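Every letter in the sequence shown is one number past the one before it in UniProt numbering, and letter 287, counting from 1, is 287. Structure first, commentary second.
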Amino acid sequence: MTPGKNELLFVALGGSGEIGMNVNLYGTQGKWLMVDCGVTFGDASYPGIDIILPDLQFIEERLDDLVGIVLTHGHEDHIGALPYLAADLDVPIYATPFTAGLVRGKLEEEGIEDRVELKVMNEDGPFRVGPFNVTFTPLAHSIPEGNALLIETEAGRVFHTGDWKLDEAAALGGASTAAELTAIGDKGILALVCDSTNVFQQEASGTEAEVRKGLDEVIGAARGRVLVTTFASNAARLQTLGEVARDTGRQLCVAGRSLDRILRVAKATGYLRDFPEVVDFDTAMTLPPNQVLMVGTGGQGEPRAALARIADGNHQLKLSQGDMVIFSSRQIPGNEVAIGRIMNTLASKGVQLVTDRQAFVHVSGHPGRPELAEMYRWMRPQIVMPVHGEARHLIEHSRYALSQGVPSVASQSNGEVWRLAPDGPQRIGSAPTGRLVIDGDVILPADGTTMNERRRLALYGQLSVAVAVRKGQLMGEPQVRVQGVPVEEDREEFLEEASAAAAEAVRKAGRDREKLRESVRLAVRRAATRFTGKKPVVDVLILEV
1 MTPGKNELLF
11 VALGGSGEIG
21 MNVNLYGTQG
31 KWLMVDCGVT
41 FGDASYPGID
51 IILPDLQFIE
61 ERLDDLVGIV
71 LTHGHEDHIG
81 ALPYLAADLD
91 VPIYATPFTA
101 GLVRGKLEEE
111 GIEDRVELKV
121 MNEDGPFRVG
131 PFNVTFTPLA
141 HSIPEGNALL
151 IETEAGRVFH
161 TGDWKLDEAA
171 ALGGASTAAE
181 LTAIGDKGIL
191 ALVCDSTNVF
201 QQEASGTEAE
211 VRKGLDEVIG
221 AARGRVLVTT
231 FASNAARLQT
241 LGEVARDTGR
251 QLCVAGRSLD
261 RILRVAKATG
271 YLRDFPEVVD
281 FDTAMTLPPN
291 QVLMVGTGGQ
301 GEPRAALARI
311 ADGNHQLKLS
321 QGDMVIFSSR
331 QIPGNEVAIG
341 RIMNTLASKG
351 VQLVTDRQAF
361 VHVSGHPGRP
371 ELAEMYRWMR
381 PQIVMPVHGE
391 ARHLIEHSRY
401 ALSQGVPSVA
411 SQSNGEVWRL
421 APDGPQRIGS
431 APTGRLVIDG
441 DVILPADGTT
451 MNERRRLALY
461 GQLSVAVAVR
471 KGQLMGEPQV
481 RVQGVPVEED
491 REEFLEEASA
501 AAAEAVRKAG
511 RDREKLRESV
521 RLAVRRAATR
531 FTGKKPVVDV
541 LILEV
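As structure tokens, then:
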């Protein structure tokens, strides 16, 4: 599929139908432009996996036509796949200084910084990428240099919002004014490609200044140590916490490598210059409890993050009766169990827990319905295309846009190819999409042989059976080993029955090796099913003696 000279196409390879793993493509005059290249994170359905990547097969088959990657901002769901995929894509990456600093660190960690061209751009005017004119347009978000992209082509102009909200007094970085956004709309916008995360929220998301007041109130009343956990990349919240530490007379201690990285890059690019000097872990633990404010990662229940280790007593920082943990972040759906485990561990130690349900300690970085309505009014697009959301968010966003007088919507999902111009929006085809996983140092299909085998092992357990035969006759007794099969107290009895079943299968199978292997496998699995009701994976080793 090659976009025509007067044609403007759009296809999402990630981030539409899910929250995370954002990858969007625009096509015109035979060329493609990629916007963002992010990751999502593993859950129980991906045993042993932390990071999930988008499958970029569609654009990998068109690499000669890919002209560049432009990044809206530095959150993992927008840049996290670059260390694994950028070298193979082999096109320039365009980013503002803070985002570029985060990306550069990732490329250096992977040892590929010399193989990837990273172009650092300022928010000061358009730049050309193939047939696309691109302008960074600052919008408020929870990280410095959150930007919408004004993408101009001969076929039409697109305003791609990235992640955004309205906050006239944003804690870090500037944001375009209503007048500036209105001026963009005055020149005509074909399509508004827009964040859908908070489309069900009836009120505006709120401001960082309001969060500061809420945190001041809660932390000011605390008598023990306070630990605030938030997303590491929420640099605006870090700025707020630095101010809160001063407001409440507490010294700041930061726990988490990702927090250290954000602080380092932010300071190197001109942000957080007035951030308080932090104290080390030993100093924090010797200060009077009411004089320390700790900031840690792990509010989503990540088992290796600082909060989980502190809760389990495996960290230099300690919490005890009378201390407080504030969850200054949104609970991501799917993380409830992991977060609940940490909360229960902390509560059992007498630690007070505060979430956004008890106090005003968090605001989202995404637009509620009033903010969406304002953006429609400023841009006056011919088309609204919802992105960055699950199916329910995208569909509701389409409904809401139409209710606000937008002429047309394109309710799309990953892999759908849409023509925005001419005569758009029209769905005109499909592109392959999917997920890849990082397993150790290897990239694998999320639904390939390895992962499907691992899921079966996790669900059913595994049995190993070894039999020795000579000319089709059993020699000695079959040996059976069990892993993850729920036999517990009946283990020895089960092993005897499984061994007997294997022996009987050998006697009946004859000398055909594959028939012998399958007969033993089925016999042992039937024995396991009788004992447990489960059908474990059974591996059979045949030894010819």
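Every residue, glycine too, gets a C-beta built ideally from N, C-alpha and C. This one's a predicted model, so the numbers in the text were calculated from it and none came from an experiment.
Helix, strand or coil for residue i? Go by DSSP, reduced to three states.
{"i": "E477", "result": "strand"}
{"i": "T345", "result": "helix"}
{"i": "K267", "result": "helix"}
{"i": "G14", "result": "strand"}
{"i": "P370", "result": "helix"}
{"i": "T197", "result": "coil"}
{"i": "L459", "result": "helix"}
{"i": "Q251", "result": "strand"}
{"i": "E396", "result": "helix"}
{"i": "N414", "result": "coil"}
{"i": "Q426", "result": "strand"}
{"i": "F127", "result": "strand"}
{"i": "K31", "result": "strand"}
{"i": "A95", "result": "strand"}
{"i": "F58", "result": "helix"}
{"i": "P83", "result": "helix"}
{"i": "L71", "result": "coil"}
{"i": "M1", "result": "coil"}
{"i": "L66", "result": "strand"}
{"i": "L241", "result": "helix"}
{"i": "K106", "result": "helix"}
{"i": "R419", "result": "strand"}
{"i": "G101", "result": "helix"}
{"i": "N452", "result": "helix"}
{"i": "I262", "result": "helix"}
On a Cα-Cα basis, can you pick out the residue from the options that is closest to residue i?
{"i": "I395", "options": "T40, V116, F159, N198", "result": "N198"}
{"i": "V469", "options": "A100, G301, L516, A421", "result": "L516"}
{"i": "A509", "options": "G472, G448, V487", "result": "G472"}
{"i": "G188", "options": "W378, L402, D490", "result": "W378"}
{"i": "L307", "options": "D282, T28, I79, V254", "result": "V254"}
{"i": "M34", "options": "F58, G185, Q404", "result": "F58"}
{"i": "A268", "options": "V465, P83, P144, A12", "result": "P144"}
{"i": "V482", "options": "G476, L474, R491", "result": "R491"}
{"i": "F41", "options": "A179, R435, M285, L522", "result": "R435"}
{"i": "L118", "options": "A100, V211, E217", "result": "A100"}
{"i": "H315", "options": "R526, N335, T96, F281", "result": "F281"}
{"i": "H78", "options": "V91, G146, F132", "result": "G146"}
{"i": "V211", "options": "T355, R455, G27, G4", "result": "T355"}
{"i": "V70", "options": "L346, D423, I428, I151", "result": "I151"}
{"i": "N24", "options": "V158, G484, G125", "result": "V158"}
Which residue comes first and which comes last in the beta strand (DSSP E) that contains residue i?
{"i": "S464", "result": "462-470"}
{"i": "L436", "result": "435-439"}
{"i": "R157", "result": "156-160"}
{"i": "A148", "result": "147-153"}
{"i": "K119", "result": "118-120"}
{"i": "F231", "result": "No beta strand (DSSP E) holds F231; DSSP gives it neither H nor E."}
{"i": "N133", "result": "132-138"}
{"i": "G296", "result": "292-296"}
Can you tell me whether residue i is buried or exposed? The criterion is at least 16 other CB atoms within 10 Å of its CB, across all chains shown.
{"i": "K31", "result": "buried"}
{"i": "P288", "result": "exposed"}
{"i": "N122", "result": "exposed"}
{"i": "V129", "result": "buried"}
{"i": "L459", "result": "exposed"}
{"i": "A44", "result": "exposed"}
{"i": "L541", "result": "exposed"}
{"i": "R369", "result": "buried"}
{"i": "V506", "result": "buried"}
Along the chain, where does the alpha helix (DSSP H) containing residue i start, and where does it finish?
{"i": "T182", "result": "178-186"}
{"i": "E515", "result": "Note on identity: in this sequence residue 515 is Lys, with Glu being the wrong assignment. Unbroken alpha helix (DSSP H) run through K515: 513-532."}
{"i": "I219", "result": "208-221"}
{"i": "F494", "result": "491-509"}
{"i": "M285", "result": "281-286"}
{"i": "I542", "result": "That residue, I542, is in no alpha helix (DSSP H); its beta strand (DSSP E) goes 537-544."}
{"i": "L307", "result": "306-311"}
With a threshold of 7 Å, establish whether the CB of residue i neighbours any heavy atom of the ligand HEM.
{"i": "G461", "result": "Among the ligands in the structure shown, none appear at all, so the ligand HEM cannot be discussed."}
Return no unless some Cβ of chain E is closer than 8 Å to the Cβ of residue i.
{"i": "Y94", "result": "Of the protein chains in the structure, only one exists, and it is not chain E."}
Counting Cβ pairs, one atom from each stretch, are 3 or more of them under 8 Å apart for the stretch 231-246 and the stretch 179-196? no
Okay, do the stretch 411-419 and the stretch 436-451 touch, 3+ Cβ pairs below 8 Å being the bar? no
If contact is defined by three or more beta carbon pairs under 8 Å, each pair taking one atom from either stretch, is the stretch 256-276 in contact with the stretch 222-236? yes
Below 8 Å, how does it come out for the stretch 294-306 and the stretch 126-142: are there three or more Cβ pairs, yes or no? no
For the stretch 323-338 against the stretch 360-374, do three or more pairs of beta-carbon atoms, one drawn from each stretch, fall closer than 8 Å, so that the two count as touching? yes
Would you check if the stretch 404-413 and the stretch 381-388 touch, i.e. whether three or more CB-CB distances between them fall below 8 Å? yes
Does the stretch 172-181 touch the stretch 104-112, meaning 3 or more C-beta pairs lie closer than 8 Å? no
Is there contact here, the stretch 199-210 with the stretch 291-300, by at least three beta-carbon pairs under 8 Å? no
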